[in-house]
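Contents: one structure, followed by commentary.
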Amino acid sequence: MTATNAMKVLIVDDERVSRAMFKRELQKGGYEILEASDGFQALHLIHNHQIDLVTLDIDMPDMDGYQVCSWLRGEQFNRQIHEQEKNYLPIIFVTSDTSKESRLKGFRAGATDFVIKGFKPGELLATVNRFLKPGNVLEGLTALLVDDSQLVRELVSKMLLEQSMTVIPAVNGKEGFEILEHESHRVDMVITDLEMPIMNGDIFCRKIRQDLNLKELPVIFLTAVPDRRVLIDLFKAGANDYLVKPFVKEELIARLRVMREMWANLKREVSERRQVEMRLKQQEQLAVAREDALKKGQAANTVLHNVNNVLNSISVSVAQLESLLAGSRLPQLMLGLDLIHQNAANLDTFFTESPKGRRLPEYFHAAGEQVRDERRQLVEEVEELRKKLNLTRDVIIAQQNESTLKQRAQVAPLVELLDQACAVVRPILDEHEVDLRWGERCTAKVAVDPVSLVHVMVNILKNGVEALQDTPAPQITLSVTRTENGMVQAAFADNGPGVSKSQTESIFEDGFTTKPEGHGVGLAYCRRTVTAAKGRLWVESREDGATFRMAIPET
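Residue 456 in the working numbering sits at position 355 of the sequence shown; the count goes up by one each step and never skips.
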């Protein structure tokens with residue numbers, strides 16, 4: 102799909118880091134991305150562009166996500182949608198608010214689906230694909246349709262049959278319950294009215310959950326009563342979703358597709374509702390299991406992560422060696438020697454009368470100078486490789502004995518350790534054209550494990566390079582200073598997108614990552630190592646980037 106006809110997704114979020122992360126993921130799906138930092142900017146873009154889907158944050162200044170969503174579901178925008186020959190605009194709330202009240206308020210405003218921030222790589226793209234590239238995921242499914250209105254049953258049945266679904270009709274909750282008593286294995290989802298004779302929809306839903314123990318069967322309500330208290334009662338009764346009459350076909354089908362995905366997932370794991378109810382118990386069990394897993398696997402994960410950082414630098418050094426060897430003048434020297442060998446019988450006339458022979462001594466001198474320079478560069482590169490390989494070996498030994506950090510402490514100037522880290526990362530800095538600058542270079546000494554601390558600095562520098570991928574004129578400024586409280590502080594300041602306030606602490610947690618292919622190992626290891634040295638590691642977000650600071654007691 103080319104950029105000219107790619108489907109357009111509008112990302113609305115007041116945090117630049119979040120927008121950049123969402124954009125990178127969605128661009129992998131071939132979507133054209135537009136960005137808005139607030140609700141008013143979003144409405145302006147929607148008015149001037151044909152948007153296919155909107156991802157929407159809730160907490161934004163001036164105009165929150167609920168207000169934006171309500172406007173997009175209003176009559177004025179619906180006219181614009183029809184003018185663009187579309188019937189429905191999917192709106193996905195991407196938020197850190199996991200409360201039922203938030204979800205209920207979002208659906209009332211017109212949300213199509215929710216994605217919780219901190220999602221796994223690929224989850225947001227999969228959700229967007231479900232609406233913009235859905236295929237016929239409802240084909241072959243069976244829906245139990247319960248409504249006392251024949252007109253509604255006929256209308257909804259027509260919508261479902263167009264999706265190649267099977268429909269089992271029932272005129273009230275009692276009849277629907279009796280069908281499920283005997284044929285629940287045939288039913289993939291339930292669509293039910295709320296107000297019906299003999300048995301209302303909420304009572305019907307409670308009996309499904311309690312009497313038949315069908316806690317994982319998706320149930321969606323069709324209701325003409327948008328009262329908040331009534332809707333809350335529906336969720337208490339066990340509803341998964343609801344639609345307020347009248348509704349458009351596209352909205353119903355979009356909700357059912359979400360149901361289908363939920364049903365498929367629930368066949369493999371417990372329902373989301375049950376997970377919420379059991380979360381407190383599970384958290385305790387997971388904490389114990391996680392602590393045990395961390396004790397067993399933390400050292401190995403950290404070793405692999407730190408070794409990989411050095412291996413990246415080694416890879417660039419090897420490429421430099423290959424380039425030097427490929428451009429060597431040694432083959433030209435050999436050609437000159439071949440000429441001498443070919444004229445061995447008359448070397449005196451060859452050197453005095455032959456044009457090639459007369460130029461040969463000068464040629465040998467120039468080529469020899471170049472070969473001497475090549476040898477010097479090769480020796481330097483091999484020496485760098487030796488240092489990096491030794492560093493790889495040292496980190497493996499050091500991490501195998503991480504608990505003995507105090508016993509392995511050595512006194513060294515912090516600025517010298519930072520210079521070693523810069524030497525490791527230098528090839529990566531050059532590859533990405535990152536300008537490395539220095540501020541103050543205090544020579545105060547600290548008592549630390551030098552191998553571990555060098556790898557802490559390598560991790561921070563490498564993360565800085567990765568954060569600058571989309572930044573024009575990327576730059577990292579380093580400094581080492583004394584503080585008034587007897588600490589030596591190293592600062593790593595970049596001019597990238599910065600770190601959101603909500604992530605300034607979570608980025609140091611085990612397993613937390615904002616990278617699509619990250620594992621949440623590096624910065625967690627960094628903080629543990631600095632803390633073990635009686636120091637402190639933190640990050641500060643600025644308008645023009647982020648600064649990581651590391652403070653260690655001066656010796």
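Beta carbons: idealized from backbone N, C-alpha and C, even for Gly.
Distance between Asn149 and Val118, taken at the CA atoms: about 25 Å.
Beta bridge pairing from DSSP links Ile292 with Leu246, Ile321. Restricting attention to Gln142, Val640, Thr156, the CA atom closest to the CA of Gly599 is found in Val640. In terms of Cβ geometry, Val272 and Asp249 form a close pair [threshold 8 Å]. Close CB contacts of Leu440 within its chain, under the 7 Å cut and outside five residues either way in sequence, are with Lys457, Leu461 (chain order). Taking the Cα of Gly140 as reference, the smallest distance to any Cα among Leu154, Glu655, Asp165 is reached at Asp165. Just measuring C-alpha positions, the residue of Glu240, Val535, Asp342 sitting nearest Val268 is Glu240. With fewer than 16 other Cβ atoms from the protein chains shown falling within 10 Å of its own Cβ, Met435 counts as exposed. Take the alpha-carbon of Ser197 and the one of Cys543: they are about 42 Å apart.
Residue environment analysis places Lys563 among the buried positions, since at least 16 neighbouring C-beta atoms fall within 10 angstroms of its C-beta. The DSSP assignment places no complete alpha helix (DSSP H) segment of no fewer than 4 residues inside the stretch 203 to 228. About 12 Å separates the beta carbons of Ser258 and Leu245, which is beyond the 8 Å limit, so they are not a contact pair.
C-alpha of Asp571 to C-alpha of Arg629: approximately 30 Å in a straight line. Per DSSP, the beta bridge partners of Asp342 are Ile321.
Pairing Leu344 with Glu352 gives a Cβ-Cβ distance under 8 Å. Within the stretch 533 to 583, complete alpha helix (DSSP H) segments of at least 4 residues are found at 551 to 568, given in chain order. Our two residues, Ala212 and Ala594, have alpha carbons roughly 40 Å apart in a direct line. In the structure shown, the three-state DSSP call for Asp611 is coil. Note: Arg637 is bridge-paired with Ala652 in the DSSP secondary-structure output. Under a 10 Å Cβ-count criterion, Leu438 is classified as exposed, with fewer than 16 other Cβ atoms of the shown protein chains found around its own Cβ. Contact check for Ala592 against Arg538 fails: the beta carbons are separated by 8 Å or more.
For Glu585, the secondary structure class from DSSP, reduced to helix, strand or coil, is coil.
Around the CB of Gln311, fewer than 16 other CB atoms lie within 10 Å, so the residue is classed as exposed. About 5 Å separates the CB atoms of Asp342 and Ile321; that is less than 8 Å, so the two are in contact. Here DSSP, grouped into helix, strand and coil, assigns Ile134 to strand. Nearest to Ala355 by alpha-carbon distance, out of Ala210, Ile193, Glu470, is Ile193. DSSP places Ala522 within a helical segment (H, G or I) once states are collapsed to three.
By alpha-carbon distance to Gly175, the top candidate from Leu144, Pro222, Ile299 is Leu144.
Per DSSP, the unbroken alpha helix (DSSP H) holding Ala121 starts and ends at 117 to 128. In the DSSP assignment, Ala107 falls outside any beta strand (DSSP E), carrying neither H nor E.
According to the DSSP assignment, Val155 belongs to the beta strand (DSSP E) that extends over 154 to 157.
Note that the C-beta distance between Arg120 and Glu136 is below 8 Å. Annotation for Ala513: the continuous beta strand (DSSP E) segment containing it runs 511 to 514. Residue burial is scored here from C-beta neighbours: Ala340 has at least 16 other C-beta atoms within 10 angstroms and is therefore classed as buried. Sixteen is the threshold: when 16 or more other Cβ atoms of the shown chains lie within 10 Å of the Cβ of Asp550, as they do, the residue is buried.
In terms of CA proximity to Gly274, Asn301 leads the group Asn301, Val291, Leu261.
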